[in-house]
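Note sheet for the following structure.
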Amino acid sequence: GNGVSGTSTLLGFQGLPPSEADTVTVPPGYRAQVLTAWGEPVGIAGAPMPPWREDASNSAEEQALQYGMHHDGMQFLPLQDDGRRGLLVINHEYTDDGLLHPDGGDPWSAEKVRKDQAAHGLSVSEVELHEGQWRLVRPSRYARRITATTPCALQGPAAGHALLRTAADPDGRRVLGTFANCAMGRTPWGTVLSGEENFAFYFNAGPRPDAHQKRWELPNGSFNRWEAHDARFDAVKHPHEPNRFGWIVELDPMDPGSAPVKRTALGRAAHEGAWVALTRDGRAVVYSGEDARFEYLYKFVSRDRVKPAADGLTAAQANRELLDHGTLYVARFDAEGRGRWLPLVHGQGPLTAANGFADQGEVLIKTRQASDLLGATKLDRPEWLAIHPASGEVFCSLTNNSRRGQGGQPGVDAANPRAANAMGQILRWREDGDFHAETFTWRHLLLAGDPANARAEARGDVKGDAFGCPDGLCFDPRGVLWVQTDVAAGHLHRGEFARLGNNQMLACDVTTGEVRRFLTGPVNCEITGATFTPDGRTLFVNVQHPGEPASDRSDPKNINRFSRWPFGGRPRSATVVVQKLDGGVIGS
Ligand code: FEO
Ligand code: CA
Ligand code: CA
Ligand code: CA
Numbered sequence: 193g194n195g196v197s198g199t200s201t202l203l204g205f206q207g208l209p210p211s212e213a214d215t216v217t218v219p220p221g222y223r224a225q226v227l228t229a230w231g232e233p234v235g236i237a238g239a240p241m242p243p244w245r246e247d248a249s250n251s252a253e254e255q256a257l258q259y260g261m262h263h264d265g266m267q268f269l270p271l272q273d274d275g276r277r278g279l280l281v282i283n284h285e286y287t288d289d290g291l292l293h294p295d296g297g298d299p300w301s302a303e304k305v306r307k308d309q310a311a312h313g314l315s316v317s318e319v320e321l322h323e324g325q326w327r328l329v330r331p332s333r334y335a336r337r338i339t340a341t342t343p344c345a346l347q348g349p350a351a352g353h354a355l356l357r358t359a360a361d362p363d364g365r366r367v368l369g370t371f372a373n374c375a376m377g378r379t380p381w382g383t384v385l386s387g388e389e390n391f392a393f394y395f396n397a398g399p400r401p402d403a404h405q406k407r408w409e410l411p412n413g414s415f416n417r418w419e420a421h422d423a424r425f426d427a428v429k430h431p432h433e434p435n436r437f438g439w440i441v442e443l444d445p446m447d448p449g450s451a452p453v454k455r456t457a458l459g460r461a462a463h464e465g466a467w468v469a470l471t472r473d474g475r476a477v478v479y480s481g482e483d484a485r486f487e488y489l490y491k492f493v494s495r496d497r498v499k500p501a502a503d504g505l506t507a508a509q510a511n512r513e514l515l516d517h518g519t520l521y522v523a524r525f526d527a528e529g530r531g532r533w534l535p536l537v538h539g540q541g542p543l544t545a546a547n548g549f550a551d552q553g554e555v556l557i558k559t560r561q562a563s564d565l566l567g568a569t570k571l572d573r574p575e576w577l578a579i580h581p582a583s584g585e586v587f588c589s590l591t592n593n594s595r596r597g598q599g600g601q602p603g604v605d606a607a608n609p610r611a612a613n614a615m616g617q618i619l620r621w622r623e624d625g626d627f628h629a630e631t632f633t634w635r636h637l638l639l640a641g642d643p644a645n646a647r648a649e650a651r652g653d654v655k656g657d658a659f660g661c662p663d664g665l666c667f668d669p670r671g672v673l674w675v676q677t678d679v680a681a682g683h684l685h686r687g688e689f690a691r692l693g694n695n696q697m698l699a700c701d702v703t704t705g706e707v708r709r710f711l712t713g714p715v716n717c718e719i720t721g722a723t724f725t726p727d728g729r730t731l732f733v734n735v736q737h738p739g740e741p742a743s744d745r746s747d748p749k750n751i752n753r754f755s756r757w758p759f760g761g762r763p764r765s766a767t768v769v770v771q772k773l774d775g776g777v778i779g780s
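Counting in my numbering, the sequence shown runs from 193 upward without gaps.
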């Protein structure tokens, strides 16, 4: 933050300096207020509204009626044309047992597993603007929780596949729950798309994983230890259960009775999230990255056109099979700024029975193995995507990859140009002609980093305020690209990150490339999940895991905390509302 305005006419606020304070900071002329936090009741109509207990003694049953933990992707869906009432749909990505239970994660118990599962998934709640302030509407007929045990449908080409059948679900079409929900996109037909990201670590593959389990990095002993009290998470006993996760989940928040649907046509991956564009002839194109080192970027093109609401059906209902038919592609980024989308179609090229793919369902379940055979580009952890509302240019954050070029790992390439990539980069591309094109032209928007760093690979080329590890991305209605950072707690404030402060949110003018720091978060949090009201005058943003231990988040004994945000006690992930004091457009 030099506090000086650059040349951008889009960015009208005074940039902030980096912060190490245990608070949310926004520029002069703005205010940031906590709207709701982990453990507050969501206000489900006809159900109790159990109050938050500061000692974490809420039961599993109560947690299932409250906001979950570790808020991540989020969408605001207006309920009326002026955007003053709407639904907030929030992903609750994972849990921290040190905070979730009064005595942490030790001893472990069936009740703690149930509370863990209830703190995962999604929340839908209603909000309204009242005398200039946003507040929750409770109870609301829309309010609901979706957890790691909520029945979900499997649809698309892999639904019912032999590899998706289990003892509890011999048809392979009904899964209990969704979890590891990271980023969230919304569709033009009014639904949201949620990614099941780090699902693999919830399963125990035992000491002798098979080749498929190895490729998906299923651990020996899950990170969450659910298998101790819920046998389906033991993949030794239930080897197909992990195949039922790693999908893009579509939810219609306007229909509170609707089941979430896992869309198998979009492929199985450690999906960060999914984002939709429309071709000129009205087909849906869904982009999704896989946030894991050396994994891939995908694009799905629907076979059919998006249908309007008609005949008593909402648009969401009219398009409830749209994402079940189409073609999935994986990206190859070539030198000289060219790229190609490689079809993941059974029977084409190497994707044959001889190579281990019996049918299209198996290609979609084993997307990684199929992409390996096609020679797709192994990326530096593709996280969020964002599509420019006017130009159609697509942006993708690659957050970092410390293993690039290290000890037998893939070396640098055109799209991933830095070894031991601590800082990450943002890609931008234009499809040749329209979103369904099989070729594109790409370049970097920026390489993140701090120009004061000694190591050239960690300096970057950011014009304006320096940052590391871009993760969340979104465009506001004016076409400003908002970038959110996720530097791991163990790296903050030291080494190459010493001058970058806490995790933060920055605005980027993608025409000039100028970047300006807009918001800084509390200690050891991640900033994520930005969503704007249609008028651009309210920004909802999530603060994830304030006070996260720098050592190992899965250590059940580690309940030392570095943050008391937001309310001076137990640190809680929370949703923050940002408004301009004069009621103006955010960022202007
Ligand atoms: Fe859940 Fe890749 O962040
Ligand atoms: Ca992320
Ligand atoms: Ca991240
Ligand atoms: Ca995080």
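Idealized CB from N, CA, C, for every residue including glycine.
Nearest-angstrom Cα separation, counted from Glu464 out to Ala375: If you draw a straight line from the Cα of Ala375 to the Cα of Glu464, it comes to about 5 Å.
Looking at the strands, I want to know which residues DSSP matches up with Gln267. Residue pairing from DSSP places Gln267 in a beta bridge opposite Val281.
Tell me the DSSP secondary structure of Ser386 in three-state form. Three-state result, Ser386: strand.
Asp572 in three-state terms, based on DSSP: In this structure, Asp572 counts as strand in the three-state DSSP scheme.
State buried or exposed for Leu773, treating a residue as buried only when at least 16 other CB atoms are found within 10 Å of its CB. Exposed: under 16 other Cβ atoms inside 10 Å.
Report the three-state DSSP secondary structure of Tyr490 (helix, strand or coil). Three-state DSSP puts Tyr490 in a strand.
In three-state terms, what does DSSP make of Pro210? Residue state, collapsed to three classes: coil.
What's the C-alpha gap between Val715 and Gly739? Gly739 has its alpha-carbon roughly 6 Å from the corresponding atom of Val715.
With a threshold of 8 Å, are at least 3 pairs of Cβ atoms found where one atom belongs to the segment 547-564 and the other to the segment 629-643? Contact between the segment 547-564 and the segment 629-643 is absent: fewer than 3 CB-CB pairs across the two stretches fall below 8 Å.
Length-filtered (3 minimum) beta strand (DSSP E) runs lying within the segment 504-558: For secondary structure counted as the beta strand (DSSP E) over 3 or more consecutive residues, the segment 504-558 holds these complete runs in sequence order: 518-525, 530-535.
Taking 6 Å as the cut-off, does the CB of Asp601 come closer than this to any heavy atom belonging to ligand 4? This sequence places Gln at residue 601; Asp is not what is there. Flag unset: Cβ of Gln601 not near ligand 4.
Which one of Thr506, Gly775, Ser780 has the shortest CA to CA distance from Glu323? For the residues Thr506, Gly775, Ser780, the minimum Cα distance to Glu323 belongs to Gly775.
Are the beta-carbon atoms of Ala239 and Pro343 separated by less than 7 Å? Against a cut-off of 7 Å, the Cβ pair of Pro343 and Ala239 comes out as no contact.
Ligand 1 and Cys666: does the residue's C-beta get closer than 6 Å to at least one heavy atom of that ligand? Remark: the C-beta of Cys666 is outside contact range of ligand 1, defined as less than 6 Å to any heavy atom.
Quiz: which residues have CB nearer than 6 Å to ligand 3 non-hydrogen atoms: Selection output, chain order preserved: Glu575, Thr591, Asp663, Asp678.
Roughly how many angstroms separate the alpha carbons of Leu208 and Pro220, rounded to a whole number? Just so you know, the alpha carbons of Leu208 and Pro220 end up roughly 9 Å apart.
Under the criterion of a Cβ to heavy atom distance below 6 Å, does Asp624 qualify as lining ligand 1? Outside the cutoff, so no.
Please confirm whether Phe492 and Leu458 have their CB atoms less than 7 Å apart. Contact annotation: Phe492 and Leu458 have beta-carbon atoms nearer than 7 Å.
Between Cys374 and ligand 2, is the CB less than 6 Å from at least one heavy atom? Result yes, Cβ under 6 Å from ligand 2.
Under 7 Å, do Arg357 and Arg485 count as touching if we go by C-beta distance? Arg357 is not a Cβ neighbour of Arg485, given a cutoff of 7 Å.
Pro726, buried or exposed, once every other Cβ within 10 Å from all chains shown has been counted against 16: Classified as exposed, Pro726 has fewer than 16 neighbouring CB atoms from the shown chains inside 10 Å of its CB.
Please tell me whether, using a cut-off of 6 Å, the distance from the CB of Glu409 to the nearest non-hydrogen atom of ligand 1 is below it. No, Cβ of Glu409 sits at least 6 Å from all heavy atoms of ligand 1.
With a cut-off of 8 Å on the beta carbons, I'd call Tyr394 and Asn412 a contact; round off their distance for me. Contact doesn't hold; Cβ gap of about 13 Å is too wide.
What do you get for Gly779, buried or exposed, if any count of 16 or more other CB atoms within 10 angstroms of its CB means buried? By the neighbour-count rule (16 or more Cβ atoms within 10 Å), Gly779 is buried.
Alpha carbon of Gly787 to alpha carbon of Thr591, nearest angstrom: A query on residue 787 cannot be resolved here, the shown segment of the chain reaching from 193 to 780 and no further.
Counting only runs that start and end within the segment 384-458, where is the alpha helix (DSSP H) found for 4 or more residues in a row? Within the segment 384-458, the complete alpha helix (DSSP H) runs of at least 4 residues are 403-407.
Is Gln736 a contact residue of ligand 4, with contact defined as CB to any heavy atom under 6 Å? Correct: Gln736 has its Cβ closer than 6 Å to ligand 4.
So Glu254 is in the beta strand (DSSP E); what residue range does that whole segment cover? Unbroken run through Glu254 is the alpha helix (DSSP H), 252-255; no beta strand (DSSP E).
Residue range of the alpha helix (DSSP H) that includes Lys304: Where Lys304 is concerned, the enclosing alpha helix (DSSP H) stretches over 302-310.
How big is the Cα-Cα spacing for Asn593 and Glu487? Annotation: Asn593 to Glu487 spans about 11 Å, alpha carbon to alpha carbon.
Start-to-end residues for the beta strand (DSSP E) that takes in Gly313: Element bounds for Gly313: 313-322.
How would you write the range of the beta strand (DSSP E) that Leu355 sits in, first residue to last? Where Leu355 is concerned, there is no enclosing beta strand (DSSP E), given that its DSSP letter is neither H nor E.
So, with DSSP's three-state summary, where would you put Ser200? Here Ser200 sits in coil by DSSP.
Which residues in the same chain have their Cβ closer than 6 Å to the Cβ of Glu513, if we skip the five residues on either side of it in sequence? Taking Glu513 as the centre and dropping the five residues before and after it, the same chain places no C-beta closer than 6 Å to its C-beta.
Residue interval of the beta strand (DSSP E) (run including Gly134): No information on residue 134 is available, as it lies outside the stretch 193 to 780 that the chain covers here.
Is Asp483 close to ligand 1? I mean its beta-carbon at under 6 Å from any heavy atom of the ligand. Under cutoff, so the answer is yes.
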